[in-house]
Amino acid sequence: MSAKFENKVVVITGSSMGIGNQMAWQLARQGARIVLNGRNAERPEKAGATLEAEGFTVMTVAGDVSKEADCRALIAQAVQQFGQVDILINNAGVSTEGMVTELEGSVFKKIMEVNYLGSVFPTQAALPHLKKSKGSVIFISSVAGIRGIPNYSVYSSSKMALTALAEALRIELADDGVHVGIAYVGFTENHPDKTIYDAQGKLVPQPKRDFIKAEPVEKVAARVINMIEKKTFKKVFTPLGKLNSVLNKLTPELVHQVLKRNFTKQR
258 MSAKFENKVV
268 VITGSSMGIG
278 NQMAWQLARQ
288 GARIVLNGRN
298 AERPEKAGAT
308 LEAEGFTVMT
318 VAGDVSKEAD
328 CRALIAQAVQ
338 QFGQVDILIN
348 NAGVSTEGMV
358 TELEGSVFKK
368 IMEVNYLGSV
378 FPTQAALPHL
388 KKSKGSVIFI
398 SSVAGIRGIP
408 NYSVYSSSKM
418 ALTALAEALR
428 IELADDGVHV
438 GIAYVGFTEN
448 HPDKTIYDAQ
458 GKLVPQPKRD
468 FIKAEPVEKV
478 AARVINMIEK
488 KTFKKVFTPL
498 GKLNSVLNKL
508 TPELVHQVLK
518 RNFTKQR
């Protein structure tokens with residue numbers, strides 16, 4: 258077993274399934290002590306039990322990352338249990354589909370609270386400890402955060418906001434030895450229980466997108482962990498995501514026309 262993260266304490270928000278849970282497994286196999294988090298106790302506790310059954314060191318803390326008090330409690334319990342925090346991975350997030358004219362105002366608010374403030378609050382709580390450990394804080398963004406995507410306006414907005422947060426934080430922490438990273442992941446294989454918000458704010462099953470090739474969750478998790486190892490700041494995942502990033506800088510009008518054409522076809 259590799260021990261690259263031996264005894265490192267890693268807090269991963271939204272880690273009861275999907276990318277977050279896969280990162281927990283891969284980091285645990287490399288010696289890390291894992292703190293799992295989810296909105297309710299049942300899922301993270303179940304995920305934690307499977308890790309413990311393999312002999313890994315793990316604790317679970319239920320909490321809603323959109324609530325500042327829950328985030329303070331998450332970090333406080335991690336420190337109480339393990340004495341330190343070395344890595345914070347802001348992975349928790351939700352999505353929605355719908356045109357701007359269709360979405361209820363409450364949906365805009367909820368997505369921003371979870372995807373943006375749900376990264377701000379854990380980071381604020383963890384920073385005093387990350388400064389002591391000279392650790393890492395990672396933000397899980399999306400290729401949708403590179404360019405506004407029609408029908409995903411609020412999701413794109415929330416992920417774009419993470420770029421500004423990470424860029425500012427990197428400068429603010431330049432003298433503290435804390436690594437800041439942001440990962441722009443592409444479409445990833447979803448857990449069967451994955452849900453999104455509909456236009457009225459109701460949780461519904463994640464729609465299948467057979468026209469998009471999904472990245473294996475194991476591969477995405479490994480890439481994020483590699484960013485931590487190499488202290489990488491920004492990384493765009495998937496060939497399509499990289500192409501989008503380059504073209505958006507060089508020929509933004511072309512990207513606009515392509516997105517417009519595709520959106521028109523889908524209507």
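In the working numbering, the protein residues as written are 258 to 524. Beta carbons are placed, not taken as given, at the ideal position from N, Cα and C, and that holds for glycine.
- Counting the other CB atoms within 10 Å of its CB gives K265 a total of 16 or more, which places it among the buried residues.
- The distance from the Cβ of P379 to that of L426 is about 13 Å, inconsistent with a contact at the 8 Å cut-off.
- Between the beta-carbon of T452 and that of G375 there is about 16 Å, and that puts the pair past the 8 Å contact cut.
- Around the CB of M356, fewer than 16 other CB atoms lie within 10 Å, so the residue is classed as exposed.
- Partner residues in the beta bridge of T353, as assigned by DSSP, are Y454.
- Closest by C-alpha distance to V493, out of K366, E361 and K416, is K416.
- When beta bridges are read from the DSSP output, F365 appears opposite no residue.
- In this structure, A383 places its C-beta atom within 8 Å of the C-beta atom of L345.
- Between I482 and L284, the beta carbon gap of about 6 Å places them in contact (Cβ cut-off 8 Å).
- In this structure, the CA atom of L497 is about 19 Å from the CA atom of N408.
- The DSSP-derived three-state label of V435 is coil.
- Boundaries of the alpha helix (DSSP H) around G305: E299 to A310.
- Within the model, the alpha-carbon separation for R290 versus F444 is close to 28 Å.
- Assigned with DSSP and collapsed to three states, N278 falls in helix.
- Contact between K388 and H436 is absent: CB atoms are separated by about 11 Å, not below the 8 Å threshold.
- DSSP lists V267 and V315 as the beta-bridge partner residues of I291.
- The C-alpha of N505 lies about 8 Å from the C-alpha of I403.
- Per DSSP, reduced to three states, the secondary structure at I485 is helical.
- As DSSP reads the structure, T445 sits in a beta bridge with E472.
- The Cβ atoms of M316 and A478 lie no closer than 8 Å to each other.
- According to the DSSP assignment, K388 belongs to no beta strand (DSSP E) but to the alpha helix (DSSP H) extending over G375 to S390.
- When the Cα atoms are used, S414 and A335 turn out to be separated by approximately 31 Å.
- Nearest neighbour of G312 by Cα position, chosen from G434, D433 and W282, turns out to be W282.
- For S398, the uninterrupted beta strand (DSSP E) run begins and ends at S393 to S399, by DSSP.
- Between the C-alpha atoms of C328 and V322 there is a straight-line separation of about 6 Å.
- Take the alpha-carbon of E299 and the one of R480: they are about 28 Å apart.
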